[in-house]
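A.B. asks:
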Amino acid sequence: MASLFKEQAKLSAYRDRRFSGTQEEFDEALRASTTVYIGNVSFYTTEEQLYELFSRAGEIKKIIMGLDKNTKTPCGFCFVLFYSREDTEDAVKYISGTILDDRPIRVDFDWGFQEGRQWGRGRSGGQVRDEYRTDYDPARGGYGKLVQKELEAQRQLVDYGTGSLGAYPQAAPTNYGNGRRGGGNYGQGGQNRHGRGGDYHRKRQRDDDRYGRDNSRRNTDHESRRDTDSDMRPEKNPRFRESGDSDDDGEDDRKRRS
């Protein structure tokens, strides 16, 4: 029974679609492999951290970091190659589920590394699981790629709408053109802003008429006050008019004595 459990533990639930053989050949490759696959790795976990952790299971031959095929940056998985099968089994048995960079990593048997398997297989360059993930994982780039594209499209739509509205100042409310007097372009930026339009001339004419009436009224009042002042002014002494309009009393006395 223990032997049967041990044989089952060697097998991986993951079936690589790029393996060219049958399922039996795939299982046999897993039993003989000295390579393990590590998943659920943070994008920020370094090769040095992985080496320090997996060297506890045995001597490491090579570590191959999984990379985004577009950006050539780590995308959350790697391969660790050991020298012995026993060390490989110990890595799966004791290290799988270990917390590394605040997240549990998954260690599984792999059928063997081949060139090209280090690249992500997702459409965006990373892993397929990160294409459709809807939760927010800051250690793996935030939201999934599809969700990020949707959010980016919404943000650009909002930015475009805000930018187009904010590019032109809002016109101040105006009463010109709202009534029956016509003309809809008498507000800010209207075509008659400098020509002023018919309403302005009618208002100017009314102001001129009002100014003319006020000015005429002021002139009439002035003439009336002037006539009143003339009537109230005291008349000159008649004696001066009879003596040749002279104001000198001595001259009048000499004329009378002569």
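In full-length UniProt numbering, the protein residues as written are 1 to 258.
Virtual Cβ for every residue (Gly too), placed ideally from N, Cα, C.
Among residues of its own chain, excluding the 5 on either side of K62, which ones have a beta-carbon nearer than 7 Å to its beta-carbon?
C.D. replies: Contacts found: L81.
A.B. asks: For V128 and F109, which I take to be in contact (beta-carbon distance under 8 Å), what is that distance rounded to the nearest angstrom?
C.D. replies: Contact flag wrong, Cβ pair sits at about 20 Å.
A.B. asks: From the DSSP output, read off the bridge partner residues of L81.
C.D. replies: T35, K62.
A.B. asks: In whole angstroms, what is the alpha-carbon distance linking G51 and R123?
C.D. replies: Going by the sequence as given, residue 51 is Tyr instead of Gly. So the alpha carbons of these two residues sit roughly 29 Å apart.
A.B. asks: For S12, which three-state DSSP category applies?
C.D. replies: Note: S12 maps to coil in three-state DSSP.
A.B. asks: For the alpha helix (DSSP H) that contains R56, what are its first and last residues?
C.D. replies: Careful: R56 lies outside any alpha helix (DSSP H) and carries neither H nor E.
A.B. asks: Tell me the rounded alpha-carbon separation between K69 and G126.
C.D. replies: Straight-line Cα distance between these residues: approximately 7 Å.
A.B. asks: Please report the straight-line C-alpha distance between T73 and R121, rounded to a whole angstrom.
C.D. replies: Going by the C-alpha atoms only, they are around 14 Å apart.
A.B. asks: Buried or exposed for D101, going by 16 or more other Cβ atoms inside 10 Å?
C.D. replies: D101 should be labelled exposed.
A.B. asks: Under the DSSP definition of a beta bridge, which residues are partnered with G142?
C.D. replies: Per DSSP, D137.
A.B. asks: Looking only at C-alpha atoms, which of G76, P138, E131 sits nearest to E150?
C.D. replies: When each option's Cα is compared against that of E150, the closest is E131.
A.B. asks: Under DSSP, the alpha helix (DSSP H) around D130 begins and ends at which residues?
C.D. replies: Looking at the DSSP string, the run of the alpha helix (DSSP H) that includes D130 is 129 to 132.
A.B. asks: Suppose you measure from the CA of E152 to the CA of L146; what does that come to, to the nearest Å?
C.D. replies: One C-alpha to the other measures close to 10 Å.
A.B. asks: Name the residue from Q23, S96, T34 whose alpha carbon lies nearest to the alpha carbon of L53.
C.D. replies: It is S96.
A.B. asks: Going by the CB atoms, is the gap between F77 and Y136 shorter than 8 Å?
C.D. replies: It is not a contact, given that the beta carbons lie outside the stated cut-off.
A.B. asks: Check this for me: beta carbons of R140 and F43, under 8 Å apart or not?
C.D. replies: Against a cut-off of 8 Å, the Cβ pair of F43 and R140 comes out as a contact.
A.B. asks: Give me the Cβ distance between W111 and S55, rounded to the nearest whole Å; I'm assuming they're in contact under 8 Å.
C.D. replies: Contact doesn't hold; Cβ gap of about 23 Å is too wide.
A.B. asks: Does the distance from the C-beta atom of Q118 to that of G66 stay below 8 Å?
C.D. replies: Cβ distance < 8 Å, so Q118 and G66 count as in contact.
A.B. asks: Could you please give the first and the last residue of the uninterrupted beta strand (DSSP E) stretch that includes R106?
C.D. replies: Taken as a continuous stretch (DSSP letters only), the beta strand (DSSP E) holding R106 covers 106 to 110.
A.B. asks: Residues bridged to I99 by DSSP?
C.D. replies: For I99, which the question treats as bridged, DSSP gives the partners P104.
A.B. asks: Would you say N79 and I60 are within 8 Å of each other, going by their C-beta atoms?
C.D. replies: Checking the sequence, you will find Phe at residue 79 rather than Asn. No, they are not a contact pair.
A.B. asks: Note down, in chain order, each residue of its chain lying with its Cβ closer than 7 Å to the Cβ of S20, except the 5 sequence neighbours on either side.
C.D. replies: So no residue of the chain qualifies.
A.B. asks: Measuring CA to CA, which of E115, L30, S12, R103 is closest to V41?
C.D. replies: Residue R103 is the option with its Cα nearest to V41.
A.B. asks: Using a Cβ-Cβ cutoff of less than 6 Å, which residues in the same chain neighbour R133 once the five nearest sequence positions on both sides are dropped?
C.D. replies: Within the same chain, R133 has close Cβ partners G144.
A.B. asks: Is the CB-CB distance between F26 and R18 below 8 Å?
C.D. replies: Result no, Cβ atoms of F26 and R18 do not sit closer than 8 Å.
A.B. asks: Can you tell me the Cβ-Cβ gap for F113 and T22, rounded? I've got them flagged as a contact below 8 Å.
C.D. replies: About 20 Å separates the two Cβ atoms, so there is no contact after all.
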